[in-house]
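These protein sequences, in sequence, are chains S and P.
Residue 145 is where the first sequence starts when you use this note's numbering, and the numbers rise one by one after that.
Residue 145 is where the second sequence starts when you use this note's numbering, and the numbers rise one by one after that.
Ideal Cβ positions, reconstructed from N, Cα and C, are used throughout, including at glycine.
Here the structure is a predicted model, which means the values were calculated and not measured.
2 protein chains.
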Amino acid sequence: MRIAVDAMGGDFAPESPVDGAIQAARVARGRYEIILVGDENLIRREIAKYSIKNLPIQIYHASEVIGMEESPTHALRSKKDSSIVVSSQLLKKDLADAVVSAGNTGAFMASSLLTLGRLPKVNRPGLGSFIPTEKGLCVLIDVGANSDCKPLNLLQFAVMGSVYVEHIFDISRPKVGLLNIGEEESKGNELVRESHKLLKESTLNFIGNVEGRDIFGGLAEVVVCDGFVGNIVLKFAESVVGMFTRTLKKNVGHNIPANVGALLMKPAFRKLKKIMDYQEYGGVPLLGLNKVCVVSHGRSSPKAIRNAIREARKMMEQDLNHKLMLEIARNQGA
Amino acid sequence: MRIAVDAMGGDFAPESPVDGAIQAARVARGRYEIILVGDENLIRREIAKYSIKNLPIQIYHASEVIGMEESPTHALRSKKDSSIVVSSQLLKKDLADAVVSAGNTGAFMASSLLTLGRLPKVNRPGLGSFIPTEKGLCVLIDVGANSDCKPLNLLQFAVMGSVYVEHIFDISRPKVGLLNIGEEESKGNELVRESHKLLKESTLNFIGNVEGRDIFGGLAEVVVCDGFVGNIVLKFAESVVGMFTRTLKKNVGHNIPANVGALLMKPAFRKLKKIMDYQEYGGVPLLGLNKVCVVSHGRSSPKAIRNAIREARKMMEQDLNHKLMLEIARNQGA
């Protein structure tokens, strides 16, 4: 199998993607090849820093780069030879089976959605993301691929999130919760009330509504919501550690015992930060397309890229898309 | 002016509301009277613990209590003589000007919405809530009064939140942000895209879209959203400190230096907890009704009740409802 890696994507490109890809290639053991997509000269210059003899790495040239802040729609139209667009084309032409990018998320998602086909019966692909909880991790889906959703979309996100967690996280029949503002079925807006009915009739291990507080509590392993709500919650969650540590620092101030205390607690804080650090998890899956797409954080370190590549490999080895397809069909009377 | 206090509302009723009301009565200095609403015998027994001679406190009997976990719709229908329903009736009959309750939030809101009139031109009242930020506080509105909203509702929430912050927090022309999933006007679902247009044309100090991460960042003093999104964000925010401290504790474990560190940092942690403690802020305003309604947290301490009463007083002294009415009219071409 071949995994395309956007060498120009992310705040630390091409250094970080190239480094991460080389790390991944070193442990490939014949299971996959990596195609670094981007400016050939820049990539070669970067690669020259490493010894890559016999490593399964190729380069595929793409002359343009979509900036992290560029408007996705405009960028996709004007930069046909960007590493993101070219990567999608490689997948479309079956020259690669999976793609990892830490580049402009909006552009990467739009390019994937526009270029690749959807799995049968999937109306809208969904972007899952990991949220650390007190019991481990949960997958929140959708976190931004779809701002306006219908109940059927939420059912499909739930099915895809559940299959993903089952086969990638190895959790049998993961608990699926619908993000809502109360426990009762009658709670919430029209979208979730209708979605609740579909979820109740589904094949999933649906535990009913979960509230905002239940996300960190780890009540469910899969939390389903529309992409608007999911994106707001995700970005809010990402800001939590920063707010917390900065406020704590301010309270410690110049108080000497408190500063000593902070020093002694440093390892605990570091561990906490690590738990809350989305980079640790590599990349998040865009589910429902007929190829494997892994979206990495813009600030991805080489390690994050390596983890994202590992995730893409796992998704292919598990034949995840086939399993998604079967489970979607089972839930839509086909 | 007369402030009705639901003596039976909250996890610590009647002790906490009675205690808080007495504390408030002690500093009333002729500015207001307090009407404790609830079971007269229970209230008298509670009051007997204090010396309340000459304090401006009355009791208004209500024989029933709506439990914290009861379904609001059912409870309102079946318990006509509950402290919540009776309080609303007192306001309706002009026997009181404001009400504070730490009881079943859904029932209190529904009772207020059904019994009291709305301010002219207000289509839907909005529940504001306080979120601590790195720069102070922000008011998130709506946090649960309305699950399905129209753009005009969001405009009205924004106007009411802005007037509230201006006159109760004393911040001139507070910055108003629309909770969205990106900075650009074109971002988000249909509701926020349409709301953005209305807000841009409004009299408010509208700073545009704000994202999940900007809430804690304190980018805006008023953050507007529909009640579904707001309720999820609020409950998520409320769970943050617990998750954080429990995870930190787990990381500290039996490591002795880290435990000493935690001990030395205790005052800083306590301060942080206080900043994040929603109780400190007393109650949150239900805006848009023709009376003053303050919703207190179910776990309200006497201090929280006292603060909620102070807030109700402030809202009346500022003639807030009149100001809301004027600003709503200015923004709807009347």
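Assignment of S:LEU430 by DSSP, reduced to helix, strand and coil, places it in the strand class. Shown here for P:PRO216: same chain residues with a beta carbon closer than 6 Å to its own, the five before and five after excluded, namely GLY250, ALA251, ALA254 in chain order.
The Cβ of P:LYS415 sits closer than 7 Å to at least one Cβ of chain S.
Under the Cβ distance rule, P:PHE252 does not count among the residues neighbouring chain S, no pair being separated by less than 7 Å. Listed in chain order, the positions of the region 367-386 of chain P with a beta carbon within less than 7 Å of a beta carbon of chain S are PHE372, VAL373, ASN375, ILE376, VAL377, LEU378, LYS379, PHE380, GLU382, SER383, VAL384.
If one requires a minimum length of 4 residues, the alpha helix (DSSP H) runs lying completely within the region 327-383 of chain S are 334-344, 356-361, in chain order. Per DSSP, the beta bridge partners of S:ILE178 are S:ILE147, S:ILE201. Shown here, P:ILE210 sits in coil according to DSSP, grouped into three states, outside any helix or strand. Contact check between the region 195-203 of chain S and the region 274-290 of chain S: fewer than three CB pairs, one atom from each, fall below 8 Å, which does not count as touching. Between the alpha carbons of P:VAL354 and P:GLU327 lies a gap of roughly 7 Å. Fewer than three Cβ pairs drawn from the region 175-193 of chain S and the region 262-278 of chain S lie within less than 8 Å of each other, which leaves the two stretches out of contact.
Closest option to P:LYS279, judged by alpha-carbon separation, among P:PHE360, P:SER245, P:CYS437: P:PHE360. With a cutoff of 7 Å on beta-carbon distance, P:THR391 and S:LEU343 are scored as not near each other. Counting along the chain, the unbroken beta strand (DSSP E) around P:PRO276 starts and ends at 270-277. Between S:GLY432 and S:LEU323 the beta-carbon gap is near 19 Å, outside 8 Å, which marks them as no contact. For the 7 Å CB-CB criterion, P:LEU408 and S:PRO411 do not form a contact.
Separation of S:GLY247 and S:VAL428 (C-alpha to C-alpha, rounded to the nearest whole angstrom) is 13 Å.
Sorting S:PRO276, S:ALA172, S:CYS437 by C-alpha distance to the C-alpha of S:THR259 places S:CYS437 at the top. Non-local beta-carbon contacts of P:ILE351 in its own chain, meaning distances under 8 Å to residues more than five positions away in sequence, involve LYS319, VAL320, GLY321, LEU363, ALA364 in chain order. The criterion of a C-beta distance shorter than 7 Å is not satisfied by S:SER232 and S:VAL181.
Taking the C-beta atoms as reference points, P:VAL149 is found no nearer than 7 Å to P:GLU190. Taking a C-beta cut-off of 7 Å against chain P, the contacting residues of the region 388-404 of chain S are PHE388, ARG390, THR391, LEU392, ASN395, VAL396, PRO401, ALA402, VAL404, listed in chain order. Within the region 223-311 of chain S, the runs of beta strand (DSSP E) that reach at least 3 residues and sit entirely inside it are, in chain order, 242-245, 270-277, 280-285. With a cutoff of 7 Å on beta-carbon distance, P:LEU468 and P:VAL307 are scored as near each other.
Interface annotation for the region 291-309 of chain S against chain P: SER291, ASP292, criterion Cβ-Cβ distance under 8 Å. Residues of the region 315-327 of chain P with a C-beta less than 9 Å from any C-beta of chain S: LEU323, ASN324, ILE325, GLY326, listed in chain order. Sorting S:LEU186, S:ARG337, S:ASN349, S:LYS394 by C-alpha distance to the C-alpha of S:VAL303 places S:ASN349 at the top. Between the alpha carbons of P:VAL229 and P:HIS205 lies a gap of roughly 12 Å.
When the five nearest sequence neighbours on each side are left out, the beta carbons in the same chain lying within less than 8 Å of the beta carbon of P:GLY371 are those of GLY270, LEU271, ASP286, VAL287, GLY288, ALA289, ASN290, SER291, CYS293, in order along the chain.
Contact annotation: P:ARG443 and P:ASP241 have beta-carbon atoms that are not nearer than 7 Å. Look at the region 344-366 of chain S: the residues with a C-beta under 7 Å from a C-beta of chain P are GLU355, GLY356, ARG357, ILE359, PHE360, GLY361.
Between P:GLY426 and P:ASN403 the beta-carbon gap is near 35 Å, outside 8 Å, which marks them as no contact. Between P:HIS311 and P:LEU186, the gap from beta carbon to beta carbon reaches 7 Å or more. If the five residues before and after S:LYS435 are omitted, its C-beta is found closer than 6 Å to the C-beta atoms of LEU235, LEU260, all from its own chain and listed in chain order. Measuring C-alpha to C-alpha distances from P:GLU345 to each of P:VAL396, P:ILE196, P:GLN476 identifies P:GLN476 as the nearest. For P:LEU408, the nearest beta carbon of chain S is closer than 7 Å to its own beta carbon.
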